[in-house]
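Read in our numbering, the sequence shown has 22 at position 32, and its numbers run on one by one without any break. We put the CB at the ideal spot given by N, CA and C, even for glycine. One structure is given here, and the rest of the page talks about it.
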Amino acid sequence: MRKNIDIDESTLTKLKLLSFYVDYKEKERLKSLTDEEKKDLGLLLLMLQSDRSEVGSREEVINILD
């Protein structure tokens, strides 16, 4: 269920500024990552999207990697 709340203009402006700052810092941090760190982050994101209900054996993983 979604609830609407009323906030004044100054609070809304502060929230927008805070959101912009967080977004800016995230982008700045991503730009400073090394190539290896970017690959690790990409792998982590892929792992988070994976289906965890399926389990493979060690042999299956090794065969896929070969």
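Hey, could you find the ends of the alpha helix (DSSP H) residue i is sitting in?
i, result
"S32", "Ser is not the amino acid found at residue 32; the sequence shown has Gly there. That run of the alpha helix (DSSP H) goes D25 to Q39."
"N53", "R48 to L55"
"R19", "E(-1) to K21"
With a cut-off of 8 angstroms on the beta carbons, I'd call residue i and residue j a contact; round off their distance for me.
i, j, result
"L31", "L38", "The pair is not a contact, with the Cβ atoms about 11 angstroms apart (cut-off 8 angstroms)."
Considering only C-alpha positions, which residue in the set the options is nearest to residue i?
i, options, result
"E(-1)", "L7, R(-8) and L55", "L7"
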